[in-house]
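Counting from 41, one number per residue, gives the positions in the sequence shown under our numbering.
For reference, the structure is listed below as structure tokens.
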Amino acid sequence: MRKYSAIIIEPRQHIALSFVLENICKNLSDEWLVIIMHGINNIEFIDNIISNHLHKYRNRIAKINLFVDNLKLSEYNELLVSEYFYNKIPTEKFLVFQTDSMISEKNKELINNFLDYDYVGAPWKDLTDGNHKYSVGNGGFSFRDKNACLECIKNNKWDGCNEDMFFSKYITNKPSIDEAKMFSIETIYSDKSFGTHKPWFYFYEHQINNLSEQFDGLDQLMKLNYWEFYE
């Protein structure tokens, strides 16, 4: 049994999925199981990715059918605050990633600095007031403890907010803002970080160019995500 899991929830035939899965498999050790939570319309699409691009990692990849055709944002949030989701996860510690996120090959060992926390995500730019409850952090690329999340769901009422705001508010065993910058970059720049989530939404071109030195292939990931704006 693997010690950790890396989980993506993706019911679409997203053109960035192959790139992101390969990045995750390549930059996480054999201790990590990679789980694809898919829908009813992209099973063959995912099987083809595994066969054609991820064959050498196939023994580390598992699939879970969510039996949906797609997920609205509200449905995604509802899933992430449900016991159903966490009870599907076979490991105590796990990473959540999305099709607009990736790991830095240069900085991949930084994950070891965060394995004892219950929730870690990129710190938010407009909430950097030193209040850990609301500043750490983004759920699109996040490290979590299963039992801590289940306890959070059990003991606190979800009000329909984004799921990462919910866990950030109530889970207390989190790193500081400065430490979280070394876990992931979203709205706050860092010269060194383990991962990133959709930084092209928040930074100037010269900053993206600097990030590309940390994250080999970031320009490709950006291009693969542009299609969403034209659907």
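Beta carbons are placed, not taken as given, at the ideal position from N, Cα and C, and that holds for glycine.
In this text the structure is predicted, and so the values were computed from the model without any measurement.
Quick one: any contact between the stretch 55–63 and the stretch 119–135, if contact means 3 or more CB pairs under 8 Å?
no
Rounded to the nearest angstrom, how far is the Cβ of Gly-235 from that of Phe-181, given a contact under 8 Å?
5 Å
Given Leu-251 as reference, the closest of Gly-179, Phe-241, Asn-265, Ser-230 once Cα atoms are compared
Ser-230
Own chain, CB closer than 6 Å to Ile-49, minus 5 neighbours either side, in chain order
Met-77
Local conformation of Ala-25 per DSSP, three classes
Within the shown structure, residues of the chain are numbered from 41 to 271, placing residue 25 beyond reach of any answer.
Buried or exposed: Met-222, going by 16 or more other Cβ atoms within 10 Å of its Cβ?
buried
State the beta-bridge partners of Leu-135 as determined by DSSP.
Ala-46, Phe-183
Checking the sheet assignment: what are the DSSP bridge partners for Asn-105?
His-78
Can you grab the Cα-Cα spacing for the pair Asn-92 / Phe-59, in whole Å?
12 Å
Chain B beta carbons: is any one of them nearer than 9 Å to that of Ile-89?
Absence of chain B from the displayed structure is noted, only one protein chain being present.
CA nearest to the CA of Asn-110, picked from Ala-102, Ile-83, Ile-129
Ile-83
Using the rule of at least 16 other Cβ atoms within 10 Å of the residue's Cβ for burial, across every protein chain shown, is Tyr-44 buried or exposed?
buried
Take the Cβ of Leu-113 as the centre, count every other Cβ of all protein chains shown within 10 Å, and call the residue buried at 16 or more, exposed below.
exposed
Label Arg-98 either buried or exposed according to how many other C-beta atoms from any shown protein chain fall within 10 Å of its C-beta, with 16 as the threshold for buried.
exposed
Any heavy atom of the ligand FAD inside 8 Å of the beta-carbon of Ile-217?
Among the components of this structure there are no ligands whatsoever, and the ligand FAD is therefore not found.
For Leu-73 and Met-205, I'd like the C-alpha separation in whole angstroms.
26 Å
For the alpha helix (DSSP H) that Val-160 lies in, which residues bound it at each end?
Per DSSP, Val-160 belongs to no alpha helix (DSSP H); it is in the beta strand (DSSP E), 159–161.
From Gly-177 to Tyr-116, what does the alpha carbon distance come to, in whole angstroms?
17 Å
Please go through the same chain and pick out, in chain order, the residues whose beta-carbon is closer than 7 Å to the beta-carbon of Phe-255, but skip the five residues on each side of it.
Met-142, Ser-144, Thr-236
Three-state secondary structure (DSSP) of Ile-225:
strand
Can you tell which of Tyr-242, Asp-87, Phe-107 has the C-alpha that lies nearest to the C-alpha of Trp-164?
Tyr-242
Residues that Trp-72 bridges to, as DSSP identifies them:
Tyr-44
Buried or exposed: where does Tyr-126 fall if 16 or more other Cβ atoms within 10 Å of its Cβ makes it buried?
buried
Let me check understanding here. Comparing Cα to Cα, which of Ile-193, Ala-162, His-95 lies closest to Ser-122?
Ile-193
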